[in-house]
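Residue numbers (the numbering used here): 38 to 246. A virtual CB, placed ideally from N, CA and C, is assigned to each residue, including glycine. Written out below as structure tokens is the structure these notes cover.
Here it is as structure tokens:
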């Protein structure tokens, strides 16, 4: 159901939390765990990946130019002012933005997940708290191989070649330097997907006045 004007706005001014880090660092696991813990009445989750341009406009998915940061910044401003947004939907199997959108209502906490969200200067002023998840490159490479083959139907050789020639170099160029803009930096090299101490710190921030 398309939201009506009466349920597209909310007087709440959300706290917006950025969770950034390299591809397969564990940032999405942290974002989802925090969102699940807070619950759907208190939190909504926004993915940077939803804001990719269509494939015809993209030469490299790890370049900042592949992402429509201006639209994401506009949406965060709308949420901050208490208005809902229509978040784009991106299909990684067809590499295209779909005509369908997902309505995101303003809630007390909005979590933004993405590898380049701290690199994008147009976004940084929107964040009330920023987290950067670190993880060694060889671990991220193995996680990405499993994810892309299992969830996105890609071939192993294609995944590893892309990681070595594209993902890793651009991580070093854009993603890793962006951690200087984080309030919290933590390393996620272990088998445990989510650091409970970090989660507790984030929950305390979210639930504070």
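Practice task
Just the C-alpha distance for residue 112 and residue 179, rounded to the nearest angstrom, thanks.
Solution key: For the purposes of this step, residue 112 is identified with residue 75 of the chain shown, where counting begins at 1. For the purposes of this step, residue 179 is identified with residue 142 of the chain shown, where counting begins at 1. If I take the Cα positions, the gap works out to 34 Å.
Exercise for the section: Helix, strand or coil for residue 135, going by three-state DSSP, please let me know. Expected result: In the chain shown, counting from the first residue as 1, residue 135 sits at position 98. Residue state, collapsed to three classes: strand.
Problem - Host beta strand (DSSP E) of residue 52 (start-end) - result: Locating residue 52 in the chain shown gives position 15, counting from the first residue. From DSSP, the beta strand (DSSP E) with residue 52 extends over 52-58.
Practice task
Drop a sphere of 10 angstroms on the beta-carbon of residue 214, count the other beta-carbons inside from all chains shown, and report buried for 16 or more, exposed for fewer.
Solution key: By one-based count along the chain shown, residue 214 stands at place 177. The residue in question, residue 214, is exposed, as its Cβ has fewer than 16 Cβ neighbours within 10 Å.
Practice task
Determine, using beta carbons only, whether residue 84 and residue 150 come nearer to each other than 8 Å.
Solution key: Residue 84 sits at position 47 when you count from the first residue of the chain shown. Residue 150 sits at position 113 when you count from the first residue of the chain shown. It is a contact, given that the beta carbons lie within the stated cut-off.
Problem - Coil, strand or helix - residue 193 by DSSP - result: Walking along the chain shown from the start, residue 193 turns up at place 156. If DSSP states are grouped into helix, strand and coil, residue 193 belongs with the helices.
Handout entry: Every unbroken beta strand (DSSP E) within the stretch 119-175, with a cutoff of 3 residues, ordered by chain
Key = 122-128, 133-141, 146-150, 166-171
Practice task
Would you tell me roughly how many angstroms separate the C-alpha atoms of residue 126 and residue 81, rounded to the nearest one?
Solution key: By one-based count along the chain shown, residue 126 stands at place 89. By one-based count along the chain shown, residue 81 stands at place 44. Going by the C-alpha atoms only, they are around 15 Å apart.
Exercise for the section: Measuring alpha carbon to alpha carbon, tell me which of 233, 207, 243 ends up nearest residue 58. Expected result: Locating residue 58 in the chain shown gives position 21, where the first residue counts as 1. That would be 207, whose Cα lies nearest to the Cα of residue 58.
Problem - Own chain partners of residue 134 with C-beta closer than 8 Å, once the 5 adjacent residues on each side are dropped - result: Taking the first residue of the chain shown as position 1, residue 134 is located at position 97. Only 89, 90, 91, 125, 126, 127, 128 meet the Cβ criterion.
Practice task
State the Cα-Cα distance for the pair residue 222 and residue 115, rounded to the nearest angstrom.
Solution key: Taking the first residue of the chain shown as position 1, residue 222 is located at position 185. Taking the first residue of the chain shown as position 1, residue 115 is located at position 78. Each residue's alpha carbon lies about 28 Å from the other.
Handout entry: DSSP state of residue 80 mapped onto helix, strand, coil
Key = As a position in the chain shown, residue 80 is number 43, starting the count at 1. Residue state, collapsed to three classes: strand.
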